[in-house]
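Undergrad:
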Amino acid sequence: MPVAMEVWEIAVRGMTCGHCVGSVTRAIEAVPGVESVVVDLEAGRAEVSVDPAVARREAVERAIHEAGYATEDLGPPTSPSPIVAIVGRTPEPPTPITPPAPSPAVESSSREEWDLAIGGMHCASCVVRVETALKAVPGVEDVRVNLATERAAVVVDPDRVDVGDLAGAAAGAGYSARREEWAFGAQAAARLREERAASVAYWRNRLIVGVAATIPLVALGIGSMLVPAWGHAAWLGWSMAGLAAFLQAALGWPYIRGAWQRLRQGSANMDTLIALGTSTAFAYSLVHLLAGRLHQAHFFMDAGIILTLITLGKFLEVRARGNAGAAVERLLDLAPRTARRIVEGGRVVEAPLSDVRRGDRLRVLPGETIPVDGDVVEGESEVDESMLTGESTPAPKRPGDRVTGATLNGDGSLVIEAKRLGKESALEQIVRLVLAAQGSKAGVQRLADRVSSVFVPIVLAIAGATLLGWGLLGGDWGRAVLNAAAVLIIACPCALGLATPMAVAVATGRGARAGLFIREASALERMDRLGTIVFDKTGTLTEGRPSLVATHALPGWDEAGLVALIAAAEASSEHPLARAFAGKANGRPVADFRAIRGRGVSAAVDGRKVLVGSRALLMEQGVDVAALDPIADAWEAEAKTVLCAAVDGRAAGAAALADRLKPHAREVVATLRSQGADVVLLTGDNPATARAVASELGLPADRVIAGVLPDAKAATIESIRNDPKQKGVAMVGDGLNDAPALAAADVGIALGTGADLAKAAADVVVASGDLRAVPQALKLGRETLKAIRQNLFWAFAYNTLGIPVAALGLFGRYGPMIAALAMSLSSVTVVARSGWLARLDLDDPAQD
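The letter at position 164 of the sequence shown is residue 164 when you use the UniProt record's numbering, and the numbering goes up by one with no holes.
1. So, is threonine 98 buried or exposed, given that buried needs 16 or more other C-beta atoms within 10 angstroms?
2. Using a Cβ-Cβ cutoff of less than 8 Å, which residues in the same chain neighbour valine 610 once the five nearest sequence positions on both sides are dropped?
3. Distance, Cα to Cα, glycine 345 vs proline 52?
4. From arginine 839 to glycine 511, what distance separates their C-alpha atoms?
5. Can you name the start and end residues of the beta strand (DSSP E) that threonine 338 belongs to?
6. Checking 9 Å against the spacing of the C-beta atoms, do threonine 280 and alanine 484 come in under that value?
7. Can you give me the C-alpha to C-alpha distance between residue 860 and aspartate 159, rounded to a whole angstrom?
8. Check whether the Cβ of leucine 353 lies closer than 9 Å to any Cβ atom in chain D.
9. When DSSP labels each residue in this structure, what does threonine 540 get in the three-state scheme?
10. So, is glycine 600 buried or exposed, given that buried needs 16 or more other C-beta atoms within 10 angstroms?
11. By DSSP, does tryptophan 253 sit in helix, in strand, or in coil?
12. State the beta-bridge partners of threonine 369 as determined by DSSP.
13. Can you say whether arginine 135 is buried or exposed, counting buried as having 16 or more other CB atoms within 10 angstroms of its CB?
14. I need the DSSP call for tryptophan 557, collapsed to helix, strand or coil.
15. If you run the structure through DSSP and keep just helix, strand and coil, what is alanine 582?
16. To the nearest angstrom, how far is it from the Cα of isoleucine 370 to the Cα of leucine 516?
17. Secondary structure at asparagine 146, three-state DSSP: helix, strand or coil?
18. Nearer than 8 Å: is that true of the beta carbon of leucine 134 relative to any heavy atom of the ligand GTP?
19. Are aspartate 659 and valine 693 closer than 9 Å when you measure CB to CB?
20. Taking all protein chains shown into account, do 16 or more other C-beta atoms lie within 10 angstroms of the C-beta of leucine 166, making it buried, or fewer, making it exposed?
21. Select from Ala198, Ala616, Phe300, Asp142 the residue whose C-alpha is nearest the C-alpha of alanine 651.
22. Taking 8 Å as the cut-off, does the stretch 516-535 touch the stretch 623-641 (at least 3 CB pairs, one atom from each stretch)?
23. Considering only DSSP beta bridges, list what aspartate 115 is partnered with.
24. Out of Val831, Ala505, Asp843, which has the shortest C-alpha to C-alpha gap to lysine 314?
25. For alanine 741, count neighbouring C-beta atoms within 10 Å of its own C-beta (all shown protein chains included) and say buried if the count is 16 or more, exposed if not.
26. Counting pairs of beta carbons, one from the stretch 358-369 and one from the stretch 413-427, are three or more of them closer than 8 Å?
27. Threonine 683 lies in the beta strand (DSSP E); which residues open and close that run?
28. With three or more beta-carbon pairs closer than 8 Å as the criterion, would you say the stretch 668-688 touches the stretch 531-549?
29. Which residues bound the alpha helix (DSSP H) around aspartate 165?
30. Just to confirm, is the Cβ distance from aspartate 40 to arginine 111 under 9 Å?
31. Going by the CB atoms, is the gap between glycine 174 and glycine 120 shorter than 9 Å?
32. In angstroms with no decimal places, state the Cα-to-Cα distance between valine 145 and valine 130.
33. By how many angstroms is the C-alpha of asparagine 722 removed from the C-alpha of threonine 132?
34. Roughly how many angstroms separate the alpha carbons of leucine 661 and leucine 541, rounded to a whole number?
35. Helix, strand or coil: which one does DSSP assign to glycine 478?
36. Over the uninterrupted alpha helix (DSSP H) stretch that includes threonine 671, give me the two end residues.
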């Protein structure tokens, strides 16, 4: 009889972020009898599917407390627990437990993470100032600002702070902030697309205006050089002044306003540098024009060209940044808008997806997108789950199988029961995971933020020294203004602020397309420092279930007939070994079935008495098994499980069962070792079995750690990490009993599926069980860090080389224009290098 599952809903207090969700999930999953867990951060609850014959509510509650989180008071022992609602069952009074003292991490039970859209940021120093301003608001506990996505993730106590406080703090720092409630599916995709289009259109229109005014300005400037009479014409000087003033107002005013706001706060950023550089050139020419020295008014052209070049760079940057965020839009576009709901009388009604409720039955026709996460109750089909797993081969689905919303149904018709909707669905969890990763920061980004906070004041000092040096010492104030403006403009730290977040945003989108979901940017950075890759065995390197791997028939029997008899005898058995013979009985009639606990089975098959089990069982029943001893001894030496069979009291043959290696397991291990990684097999299985599996994988015996219980795996990982000879350690497991080890490793990689995606305890979640994703994930990490390093190199190189060249006047007459072009190119270079990650072939070792 199949086990009747129950679903418990447990209120959990003290969760503030995705890391908390992972901690609570891992704790609950470790409780015996727990089948699956879905933790909802916003609702503050956990939905736990359990085998009620094994799981205990007090054990689940205790696990939550021991993880450092709280639940509601349990109340007296005679009253039902107010925190546990059992679906379809009247709750029983729980055994009282004593929760531990609350830790500082969970003193507030109402923390929330708000997503803010931040306006007005230009560079890395802007990021620092926004974070500083928001962190100063009472009730704000953590802030993560991302320049590439123009978002801030703010952890707050909603009882102490509201959105107005945050918006006011941002405004005081010179930026705008608004909270955006998350919308799902096509609505969210449309909103993101509209924002991207509006941003691109804004900068495109500014660029058109700039080009339209700059062309006649340049024509007049060149004309004054080619036509001597124009050089002293007042009309030409005032015409150029008018065009330059228009460009200062249309393109330069936002920078001037931003610089003024920073000045009032006693700070400076990119706005300050651009505003000073362009307005100084404009003001210098205007002073000479008013004094009648028309031949000294040619800097009007420089100021106009500089602003137009800067606008061109911003346009190219915004357009590329929008393309980097398209991965999230494509994921959201996968969600269908409607579903075919089955109502009373069996009628099918097409309804908006928002109207679907848990428990509804939905009809999915051939070729349609599956609307929600659920279980198949009728029909058979094959489903393309490539959007989730990256695997192009469709997965067969039959009644009882789980399906995931946004996957594509094949040529069969299905009826599914809705299970997880909206924010509980696998697709939305994927999207949130990608967005969280894009908003996180790598260590190198924190370094860049710190550098940028002191960079602008240093540049201002260098520009001031350049101005005074050329003016006072060189006596050439014209060159002084030019060179100082060039220093200010070329030093703008736009590229510095984009170097890391752009690479992370593109890399996480590329990973999502391949079924790899990275939880935070720092995981990508740590992948470059890995020296040891530790694999769990069962369910990770192996299929996790026994399979028939060999048969031996004695004379008078053929192997196919022997397997059919064994399968028929095992058909009624619930022992895990019996599953290896599923579907091989060929419909033979069975009678008088009897299970011999822990030893074997007997049954009448086609009127013949069949006995299947160990050699000891057959000998006890008087069967001579001497003819089977050689092959059985050989199989047992290879750590295979041996089942012997007798028919009508005579030995007929034997079958060998083993947990097969997963496809590509040998290939993956060989690939990692060829790349210099130390591959280790860590398992709770017995040493003989572990060594046999290691031999199949091509691993030496000294790379096997066997007999390790799940709770000791984390300690084993820690001991490897503490070895001074070792580099970083990655743990690859199935995400359930390996959760502590995954968390203990420098990088945890969990092989999961579908709805289990967001509950994994790892830094990287592989939506499929395909082991080839492990070297893919490591390659993505290496390439991302390589891109970040190159981005930072170019960002610093433009400044390091450009500032002294500009200060020394080596750019000559066209210094400010060359500086503006170089500043724009630095941002475009960083964006383009990051964009290359979107085309990274994760399967090609040559593209590394």
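Every residue gets a Cβ at the ideal spot worked out from N, C-alpha and C, and that includes glycine.
TA: In brief:
1. Only weak support exists for where threonine 98 lies, its pLDDT of 30 falling under 50; the value from the coordinates is given anyway. Exposed, because fewer than 16 other Cβ atoms sit within 10 Å of the Cβ of threonine 98.
2. Leu565, Ile566, Ala568, Ala569, Ser602, Ala603, Ala604, Ala645, Ala646, Val647
3. 34 Å
4. 11 Å
5. 338-342
6. yes
7. Here the chain comprises residues numbered 1 to 848, so residue 860 is not present and cannot be evaluated.
8. Absent from the structure is chain D; it holds one protein chain and no more.
9. helix
10. buried
11. helix
12. Leu408
13. Here residue 135 turns out to be lysine, not arginine, going by the sequence shown. Its Cβ having fewer than 16 others within 10 Å, lysine 135 is exposed.
14. coil
15. coil
16. 21 Å
17. strand
18. Absent from the structure shown: the ligand GTP. Ligands present: none.
19. yes
20. buried
21. Ala616
22. no
23. Ala153
24. Val831
25. buried
26. yes
27. Here threonine 683 belongs to no beta strand (DSSP E), and DSSP marks it neither H nor E.
28. yes
29. 163-172
30. no
31. yes
32. 7 Å
33. 36 Å
34. 6 Å
35. helix
36. 665-674
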